[in-house]
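Engineer: Would you mind keeping the following structure in view while I ask a few things?
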Amino acid sequence: MARYFNSEDRAWTPVDVRGTMMDKAILWDAGFDIQSSMFRMTRDMVIARHTHQHWVQVVVIEGEMRIEADGGEGVHIRQGGCYLLAPGDTHVECAVTDSIVLVTQLDDHPAYPVRRPQPQSTTL
Numbered sequence: 853m854a855r856y857f858n859s860e861d862r863a864w865t866p867v868d869v870r871g872t873m874m875d876k877a878i879l880w881d882a883g884f885d886i887q888s889s890m891f892r893m894t895r896d897m898v899i900a901r902h903t904h905q906h907w908v909q910v911v912v913i914e915g916e917m918r919i920e921a922d923g924g925e926g927v928h929i930r931q932g933g934c935y936l937l938a939p940g941d942t943h944v945e946c947a948v949t950d951s952i953v954l955v956t957q958l959d960d961h962p963a964y965p966v967r968r969p970q971p972q973s974t975t976l
């Protein structure tokens, strides 16, 4: 089933992301083990050093982000740009300006465990 989301339709809720409070609007969390959400970050907001069990794609919808991956120098990603993180990549994310990012990932958050399809039993 197709789903459509205009900006005024987003339901923002405050969430704790690795110790940092920000607003989140879930766009997709209805199967396929994928979650797609927008996060609203204020200038200088930092998500502390962390990793993900699975891949993560982040698109900067508004603003500018700085990402430091695997101890390297910070890379700036501006509005319209994106970054991809492989499983296990250690990284820190910082909002250089007020920003909105779209995060799509396999659902590895402890509150939302990855759901695997259960085998279908058949009777002969």
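Counting with the numbering used here, you get residues 853 to 976 for the letters of the sequence shown. Backbone N, C-alpha and C define an ideal beta-carbon position, used for all residues, glycine too.
1. Using the beta-carbon count (16 or more within 10 Å), is Arg892 buried or exposed?
2. Per DSSP, what kind of secondary structure is Asp861 in: helix, strand or coil?
3. Excluding the 5 residues flanking Glu916 on each side, which residues of the same chain have their C-beta closer than 8 Å to its C-beta?
4. Could you please give the first and the last residue of the uninterrupted beta strand (DSSP E) stretch that includes Glu925?
5. Output yes if chain D places a C-beta closer than 8 Å to the C-beta of Asp875; else output no.
6. Whose C-beta lies closer than 6 Å to the C-beta of Trp864 among residues of the same chain, with five residues either side of it excluded?
7. Return the CA-CA distance between Val867 and His902, expressed in angstroms with no decimal places.
8. What would DSSP say about Thr956, mapped onto helix, strand or coil?
9. With distances taken Cα to Cα, identify the nearest neighbour of Leu958 among Val944, Ala938, Phe857, His943.
10. State the Cα-Cα distance for the pair His904 and Leu936, rounded to the nearest angstrom.
11. Alpha carbon to alpha carbon, what distance is there between Gln887 and Thr894?
Structural biologist: On the basis of the data shown:
1. As a first step, residue 892 must be located in the sequence shown, where it is residue number 40. The residue in question, Arg892, is buried, as its Cβ has 16 or more Cβ neighbours within 10 Å.
2. Counting from one through the sequence shown, the residue named residue 861 turns up at place 9. Here Asp861 sits in helix by DSSP.
3. The residue given as residue 916 occupies position 64 in the sequence shown. His928, Ile929, Arg930, Gln931, Ala947, Val948, Thr949, Ser951.
4. What you label residue 925 is simply residue 73 of the sequence shown in a count that begins at 1. Note, Glu925: premise wrong, no beta strand (DSSP E); not H, not E.
5. The question asks about chain D, but that chain is absent: this structure has only one protein chain.
6. Here residue 864 corresponds to residue number 12 of the sequence shown, with the count starting at 1. Asp875, Ala877, listed in sequence order.
7. To locate residue 867, count along the sequence shown from 1; it is residue 15. To locate residue 902, count along the sequence shown from 1; it is residue 50. Near 17 Å, if we compare the C-alpha coordinates of His902 and Val867.
8. For the purposes of this step, residue 956 is identified with residue 104 of the sequence shown, where counting begins at 1. Residue state, collapsed to three classes: strand.
9. Counting from one through the sequence shown, the residue named residue 958 turns up at place 106. Residue Ala938 is the option with its Cα nearest to Leu958.
10. For the purposes of this step, residue 904 is taken as residue 52 along the sequence shown, with counting starting at 1. For the purposes of this step, residue 936 is taken as residue 84 along the sequence shown, with counting starting at 1. Cα to Cα, the separation comes out at about 11 Å.
11. For this step, residue 894 is matched to residue 42 along the sequence shown. For this step, residue 887 is matched to residue 35 along the sequence shown. Roughly 22 Å separates the two Cα atoms.
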